[in-house]
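Q: Here the protein sequences line up with chains Y and C, keeping their order.
Per our numbering, the first sequence starts with residue 3, numbered consecutively.
Per our numbering, the second sequence starts with residue 3, numbered consecutively.
Number of protein chains: 2
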Amino acid sequence: MPLHGKNIIGNTTSALGSDTVQAINPASGARIDPPFHDATQEEIDDALRRADEAFSRRPEDPARTVDLLQRAADGIEALGDELIERCGAETGLPAPRLEGERARTCNQLRMFARIVDEGSWVDARIDHAIPDRAPLPKPDMRRMLAPLGPVLVFGASNFPLAFSVAGGDTASAFAAGCPVIVKARPAHPGTAELVAQAVQKACADVGMPDGWFSMVHGPGRTTGACLVRHPVIQAVGFTGSLSGGRTLFDLAAQRPQPIPVYAEMGSINPVFFLAEALESNPEGLAEAMHQSVTLGVGQFCTNPGLAVAVESAALNRFVDELSRRIEQTEPATMLLGEIRESYVKGTDALGGAQGVRLAAQSAGSPDRARTQCAAAVFTTDADAFCDNPELSEEVFGPATMVVRCRDAAQMLGVARRLEGQLTATIHATEREITDQQELLRVLTTRAGRVLFGGFPTGLEVCSATHHGGPYPATTDGRTTSVGTAAIERFTRAICYQNFPAAQLPPALRDDNPLDIWRLVDDVRTRDAS
Amino acid sequence: MPLHGKNIIGNTTSALGSDTVQAINPASGARIDPPFHDATQEEIDDALRRADEAFSRRPEDPARTVDLLQRAADGIEALGDELIERCGAETGLPAPRLEGERARTCNQLRMFARIVDEGSWVDARIDHAIPDRAPLPKPDMRRMLAPLGPVLVFGASNFPLAFSVAGGDTASAFAAGCPVIVKARPAHPGTAELVAQAVQKACADVGMPDGWFSMVHGPGRTTGACLVRHPVIQAVGFTGSLSGGRTLFDLAAQRPQPIPVYAEMGSINPVFFLAEALESNPEGLAEAMHQSVTLGVGQFCTNPGLAVAVESAALNRFVDELSRRIEQTEPATMLLGEIRESYVKGTDALGGAQGVRLAAQSAGSPDRARTQCAAAVFTTDADAFCDNPELSEEVFGPATMVVRCRDAAQMLGVARRLEGQLTATIHATEREITDQQELLRVLTTRAGRVLFGGFPTGLEVCSATHHGGPYPATTDGRTTSVGTAAIERFTRAICYQNFPAAQLPPALRDDNPLDIWRLVDDVRTRDAS
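(1) Name the two residues that bound the continuous alpha helix (DSSP H) containing C:Q69.
(2) Determine the DSSP secondary structure at C:N318, reduced to helix, strand or coil.
(3) Apart from the five residues on each side of it in sequence, which residues of its chain come closer than 6 Å, Cβ to Cβ, to Y:A401?
(4) Enumerate in chain order the residues of its own chain whose CB-to-CB distance from Y:A386 is below 8 Å, with the five nearest sequence positions on each side excluded.
(5) For Y:S245, count the other beta carbons within 10 Å of its own beta carbon; 16 or more makes it buried, fewer makes it exposed. Which is it?
(6) Just the Cα atoms here: how many angstroms apart are C:E92 and C:A189?
(7) Y:N109 lies in the alpha helix (DSSP H); which residues open and close that run?
(8) What distance in whole Å lies between the Cβ atoms of C:A426 and C:V452, which are believed to be in contact at a cut-off of 8 Å?
(9) Using DSSP with H/G/I as helix, E/B as strand and the rest coil, what is C:M3?
(10) Assuming Y:G19 and Y:G213 make a contact with CB atoms under 8 Å, what is their CB distance in whole Å?
(11) What in chain C is Cβ-close to Y:R494, meaning under 7 Å?
(12) From Y:D21 to Y:D40, what does the alpha carbon distance come to, in whole angstroms?
(13) Is Y:L324 closer than 9 Å to Y:M210 when the C-beta atoms are compared?
(14) At the level of alpha carbons, what is the spacing between Y:V182 and Y:G7?
(15) Considering only the alpha carbon of each residue, which of Y:T67, Y:V444, Y:N9, Y:S531 lies closest to Y:F274?
(16) Listed in chain order, which residues of the segment 453–468 of chain C have Cβ atoms closer than 8 Å to some Cβ of chain D?
(17) Assign C:V525 to one of two classes, buried (16 or more other C-beta atoms within 10 Å of its C-beta) or exposed (fewer than that).
(18) Applying the criterion that 16 or more other CB atoms from any shown protein chain within 10 Å of the CB defines a buried residue, is Y:E103 buried or exposed?
(19) With DSSP as the reference, identify every bridge partner of C:K203, one or two as the case may be.
(20) Counting C-beta neighbours from all protein chains within 10 Å, is the total for C:A1 16 or more, i.e. buried, or is it exposed?
(21) Counting only Cβ pairs nearer than 8 Å, list the residues of chain C close to Y:F251.
(22) Within 10 angstroms of the Cβ of Y:R342, are there 16 or more other Cβ atoms? Answer buried if so, exposed if not.
(23) Going along chain Y in order, which residues have a C-beta closer than 7 Å to the C-beta of C:D524?
(24) Looking at the secondary structure, which residues open and close the beta strand (DSSP E) in which Y:M403 lies?
(25) Under 9 Å, do Y:A361 and Y:T331 count as touching if we go by C-beta distance?
(26) CB-CB under 6 Å to C:A376, same chain, minus the five flanking residues each way: which ones, in chain order?
(27) What does the Cβ neighbour count give for C:L229, buried or exposed, with the cut at 16 atoms within 10 Å?
(28) For C:G31, which three-state DSSP category applies?
(29) State the Cα-Cα distance for the pair Y:L441 and Y:A384, rounded to the nearest angstrom.
(30) Taking the CB atoms as reference points, tell me whether Y:Q499 and Y:D142 lie closer together than 9 Å.
(31) Is the beta carbon of C:F454 sitting closer than 9 Å to the one on Y:P502?
(32) Taking 9 Å as the threshold (beta carbon to beta carbon), is C:D129 in contact with chain Y?
(33) Under DSSP, the beta strand (DSSP E) around C:L154 begins and ends at which residues?
(34) Kindly indicate if chain Y contains any beta-carbon less than 9 Å away from that of C:K185.
(35) Which class does Y:E490 belong to by DSSP, given the choice of helix, strand or coil?
(36) Select from the segment 142–161 of chain C all residues with a C-beta closer than 8 Å to any C-beta belonging to chain Y, and list them in chain order.
Here is the structure:
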């Protein structure tokens with residue numbers, strides 16, 4: 003599919019502006035054709051107007067949404083190697099990683115298609131009237147979830163497919179019945195356009211109202227901010243940095259009508275090793291930790307940036323093995339120069355911090371022209387860690403820090419110091435975990451996902467997934483951006499009181515034509531009522 | 003029970019400060035003893051510290067929460083006439099209304115006790131491991147809702163029982179497993195203390211950790227603001243004015259860690275009368291409208307402040323009958339002087355607005371010394387209404403406005419003008435509603451509860467209740483402050499990955515010891531898994 007470099011506004015394309023952006027291949031520094039046109043105010047307004055109009059004409063039949071999600075997945079797959087190649091050139095990510103991410107992206111779209119097709123997600127509740135109740139008759143009350151309205155999605159740099167144009171935010175917003183406007187990430191505009199073309203075609207093929215989907219190019223601080231402020235937008239999805247997410251949150255909170263911002267901003271994902279578990283296999287755990295830290299050049303929100311353990315011979319062996327493997331790690335290309343600079347700055351700061359020691363880094367020299375960085379492992383002690391909040395800040399990339407504790411009490415103190423996290427992991431024998439209930443309890447108050455053993459990268463996408471956590475991991479720790487529960491973010495409830503049967507949405511009719519699970523007079527059932 | 007006038011800090015009482023506030027009987031202007039001590043910074047910090055500590059020692063067993071909610075209800079009932087008399091003196095509300103509100107308050111506490119006892123509200127989801135899945139094994143993932151942390155509740159002036167110290171916000175926060183700090187409404191401190199004593203005793207009787215419940219006195223702009231800003235507080239419940247709710251929302255959004263504010267701020271609750279429905283019974287509808295407008299001296303969030311209809315002889319009859327009844331309405335005592343002043347200002351502004359006419363007001367003269375106000379009905383036309391956004395602002399009290407439209411298209415234009423509402427009502431024959439699908443659709447985008455016939459006051463509290471709506475009706479239109487779904491506001495999800503069975507919360511164990519509904523491998527079931 004040829005790249006046109008234009009903004010995608012509903013069923014049309016548009017390139018009214020003269021400002022353009024080009025992708026840069028991080029592995030070579032070369033600019034990649036074509037240039038992409040930043041959206042003008044007129045184009046942004048057009049996308050917003052169409053999204054508003056599309057929402058007012060949204061199809062009642064969930065089958066249309068199911069079809070849209072499936073066709074979007076089919077369309078992305080049909081892009082074939084062209085997508086993988088373009089995306090690889092724009093991000094420096096290797097083909098197998100991108101093929102895996104494409105599979106996840108399409109699986110997510112199809113997962114939401116199944117959820118919409120099954121239908122019970124609307125949480126239908128029916129309380130029948132009791133006309134002869136004293137002292138007052140009970141009215142007929144029926145409640146279900148409904149879409150919030152047009153949603154703004156910001157593409158993420160680290161997941162150019164699964165958290166971008168047709169990623170989890172877009173899939174869940176579509177599933178909820180919301181139109182979507184995507185602000186493309188300037189780092190991978192060609193990837194964004196290819197996917198957006200597939201989504202645009204899917205919308206047209208299934209007959210969604212014009213404007214159900216748009217994608218605009220432009221800088222976040224102008225184009226993005228203008229979209230967040232606009233009254234048509236009713237919710238925002240974002241995956242990226244703390245400063246970026248917080249800026250969007252603040253803009254949204256300052257609107258005359260505040261709206262929710264679901265910003266997933268990453269975390270340091272601490273891994274706690276209890277003594278017996280560490281003792282049983284220090285080298286094996288170091289190998290697995292190394293793999294998790296360096297996976298995808300460390301550019302995952304769930305990257306384990308912190309290992310915490312009590313001083314022991316086993317811990318020394320763990321650090322030695324981890325250091326050995328970090329040293330052997332080849333310098334690798336990061337997603338973009340900006341991320342590399344930020345990583346270098348972050349690791350330099352860690353290395354210079356009081357009480358922190360650089361235990362090892364990649365032996366090879368990273369080539370800046372190829373946007374390469376060195377993997378790194380730092381060590382510190384719990385006193386130094388607890389004294390300096392900057393040591394708790396995420397350094398995005400293949401770096402981690404081992405915190406040595408005097409004893410279990412100090413380890414607990416480290417856990418208590420932690421801010422909100424996407425994940426927290428505990429390695430323990432069953433006997434140890436039974437003794438360390440307070441540590442486990444503290445970790446559940448800090449993280450959205452708690453792992454017993456294993457490492458946090460490689461998130462499973464399913465109904466029980468929770469990818470969220472208390473601030474600053476996200477701006478809304480009540481919600482998840484991955485898994486089927488993500489659909490709830492783009493909904494609000496509506497209660498229908500004393501409605502005639504024919505005027506009720508199908509989900510709330512007595513005969514249950516959608517065959518969904520409902521709460522009828524406080525009994526959960528799939529029967530007609 | 004004697005009133006001590008102190009702050010209730012966990013299991014203790016405290017009166018370190020010298021600033022005091024006294025209730026004023028709005029019906030007489032007389033001060034009522036005793037004085038109540040504003041909390042000092044030390045007392046506020048003590049309540050926060052204890053709430054934080056209590057949350058860290060929260061009981062695992064839901065039976066304790068069930069017991070707490072039931073005993074709180076029992077304790078409030080045991081206060082007997084003393085509560086009704088004190089509350090009547092502080093609010094000017096008549097005993098039958100307060101007895102009804104007390105019944106609702108206790109019913110709400112018991113409803114949440116049943117929800118916690120039944121247990122399925124935690125939305126447990128289990129996705130079993132598939133160790134031999136290719137290319138990667140699937141981990142065991144289990145997810146459930148967990149309490150957010152200490153919750154701050156602001157008592158409402160218009161529901162001194164049902165939306166106050168042990169009202170819906172407190173009941174739902176307790177049900178979710180959160181400690182609560184109440185900032186008492188200065189208008190009814192004695193009522194607040196009586197109820198708080200009952201809740202304090204219930205907490206002690208069931209052995210909740212000290213600090214599970216506290217109630218402090220003090221001004222909203224200092225005491226309230228200090229509490230909202232404090233890092234221990236994880237969510238805020240509020241029912242009151244738009245300016246008050248927005249102030250809290252802004253404070254919470256500006257925190258280093260932003261937190262959700264669930265502010266229910268009222269609305270004008272439009273009632274649309276279609277021609278045939280109005281024609282069938284204009285006088286009867288006017289009578290019912292009058293009753294809804296003047297119920298509780300119009301001091302309900304769901305008070306119908308707007309009636310919209312197309313010009314017709316029937317509309318004239320409706321306005322005549324409504325005017326006649328408004329004229330005959332005796333001036334009545336409002337909750338407090340401040341609310342009366344605001345009502346007088348609001349009705350004066352309406353009466354002086356371009357194109358608005360005062361159709362009728364109470365014939366009797368309101369006595370300011372008795373905090374009385376006159377009921378009022380205004381009329382205007384759709385052009386004037388749509389030209390002046392101030393006509394859409396809530397005037398809290400027994401006033402309403404009839405908007406005359408040229409035709410159905412103009413009526414639809416009025417609907418489109420509306421901001422977010424708690425409720426919208428449509429009176430129509432079935433034939434009419436079939437013809438007016440666009441009006442119905444627009445109303446569902448504006449309101450949290452849509453009524454077919456009837457009037458919005460007298461909200462039914464059940465599982466299908468939704469008492470919320472798009473801004474400015476609330477600061478978070480995704481949620482409800484009334485009904486069982488209110489529990490979700492004070493929760494976030496936690497995912498447990500690969501946990502040993504013995505370390506899982508009971509709700510997530512394979513054998514389903516709580517006998518709750520769960521989603522197991524995407525199948526909804528109550529079976530063991």
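Each residue gets a CB set at the ideal place from its N, CA and C atoms; glycine is no exception.
A: On the basis of the coordinates in this document:
(1) Position 67 of the second sequence, counting from 1, holds the residue named residue 69 of chain C. This sequence places Asp at residue 69 of chain C; Gln is not what is there. Residues 64–80.
(2) Counting from 1 along the second sequence, the entry for residue 318 of chain C is found at position 316. Three-state result, C:N318: helix.
(3) Taking the first residue of the first sequence as position 1, residue 401 of chain Y is located at position 399. These residues qualify, in order along the chain: T349, A378.
(4) Taking the first residue of the first sequence as 1, we reach residue 386 of chain Y at position 384. Same-chain partners within the cutoff: A355, Q356, G357, V358, L393.
(5) Residue numbering aside, residue 245 of chain Y sits at position 243 when the first sequence is read from its first letter. So Y:S245 ends up on the exposed side.
(6) Position 90 of the second sequence holds residue 92 of chain C. Position 187 of the second sequence holds residue 189 of chain C. C:E92 and C:A189: Cα-Cα distance of roughly 7 Å.
(7) Start at 1 with the first residue of the first sequence, and residue 109 of chain Y comes out as number 107. Counting along the chain, the alpha helix (DSSP H) containing Y:N109 begins and ends at 97–120.
(8) On the second sequence, residue 452 of chain C is found 450 positions in, with the first residue counted as 1. On the second sequence, residue 426 of chain C is found 424 positions in, with the first residue counted as 1. Right, their Cβ atoms sit about 5 Å apart.
(9) Here residue 3 of chain C refers to the residue found at position 1 when the second sequence is read from its first residue. Here C:M3 sits in coil by DSSP.
(10) Here the question's residue 19 of chain Y lines up with position 17 in the first sequence. Here the question's residue 213 of chain Y lines up with position 211 in the first sequence. With a Cβ gap of about 20 Å, Y:G19 and Y:G213 do not count as contacting.
(11) By 1-based counting over the first sequence, the position of residue 494 of chain Y is 492. Chain C residues near Y:R494: G479, R480.
(12) The residue labelled residue 21 of chain Y in the question sits at position 19 within the first sequence. The residue labelled residue 40 of chain Y in the question sits at position 38 within the first sequence. Whole-angstrom Cα-Cα distance: 6 Å.
(13) As a position in the first sequence, residue 210 of chain Y is number 208, starting the count at 1. As a position in the first sequence, residue 324 of chain Y is number 322, starting the count at 1. Cβ distance not < 9 Å, so Y:M210 and Y:L324 don't count as in contact.
(14) Working through the first sequence from its first residue, we reach residue 182 of chain Y at position 180. Working through the first sequence from its first residue, we reach residue 7 of chain Y at position 5. Each residue's alpha carbon lies about 20 Å from the other.
(15) Residue 274 of chain Y sits at position 272 when you count from the first residue of the first sequence. The candidate whose alpha carbon is nearest that of Y:F274 is Y:V444.
(16) Given the protein chain composition of this structure (Y and C), no chain D is represented.
(17) As a working note, residue 525 of chain C is residue 523 in the second sequence. Exposed is the call here.
(18) As a position in the first sequence, residue 103 of chain Y is number 101, starting the count at 1. Result: buried.
(19) Against the second sequence, residue 203 of chain C aligns to sequence position 201. DSSP lists no partner for C:K203.
(20) The requested residue 1 of chain C is not part of the displayed model; chain C covers only 3 to 531.
(21) Counted from its first residue, the first sequence places residue 251 of chain Y at position 249. Within 8 Å Cβ-Cβ: A255, P260.
(22) Residue numbering aside, residue 342 of chain Y sits at position 340 when the first sequence is read from its first letter. By the neighbour-count rule (16 or more Cβ atoms within 10 Å), Y:R342 is buried.
(23) Your numbering for residue 524 of chain C matches position 522 in the second sequence. What C:D524 touches in chain Y: S465.
(24) As a first step, residue 403 of chain Y is located in the first sequence; it is residue number 401 there, counting from the start. Here the beta strand (DSSP E) through Y:M403 covers 401–407.
(25) Taking the first sequence and counting its residues from 1, the one referred to as residue 361 of chain Y is at position 359. Taking the first sequence and counting its residues from 1, the one referred to as residue 331 of chain Y is at position 329. No; because the gap between Cβ atoms is not below 9 Å, this pair is not in contact.
(26) As a working note, residue 376 of chain C is residue 374 in the second sequence. Result list for C:A376: P333, Q363, S364, P368, in chain order.
(27) The sequence position of residue 229 of chain C within the second sequence is 227, counting from 1. Its Cβ being crowded by 16 or more others within 10 Å, C:L229 is buried.
(28) As a working mapping, residue 31 of chain C is identified with position 29 in the second sequence. Looking at C:G31 - three-state DSSP - the assignment turns out to be coil, as it is neither helix nor strand.
(29) Position 439 of the first sequence, counting from 1, holds the residue named residue 441 of chain Y. Position 382 of the first sequence, counting from 1, holds the residue named residue 384 of chain Y. So the two alpha carbons sit approximately 15 Å from each other.
(30) Taking the first residue of the first sequence as position 1, residue 499 of chain Y is located at position 497. Taking the first residue of the first sequence as position 1, residue 142 of chain Y is located at position 140. It is a contact, given that the beta carbons lie within the stated cut-off.
(31) Residue mapping note: residue 454 of chain C aligns to position 452 of the second sequence, counting from 1. Residue mapping note: residue 502 of chain Y aligns to position 500 of the first sequence, counting from 1. In contact: C:F454 and Y:P502 (Cβ atoms closer than 9 Å).
(32) Along the second sequence, one-based indexing puts residue 129 of chain C at 127. Judged by the 9 Å Cβ criterion, C:D129 is in contact with chain Y.
(33) For the purposes of this step, residue 154 of chain C is taken as the residue at position 152 of the second sequence. 153–156 is the extent of the beta strand (DSSP E) around C:L154.
(34) Here the question's residue 185 of chain C lines up with position 183 in the second sequence. C:K185 does not count as touching chain Y.
(35) Stepping through the first sequence from its first residue, residue 490 of chain Y is reached at position 488. Y:E490 falls in the helix class under three-state DSSP.
(36) M143, R144, R145, A148, L150, G151
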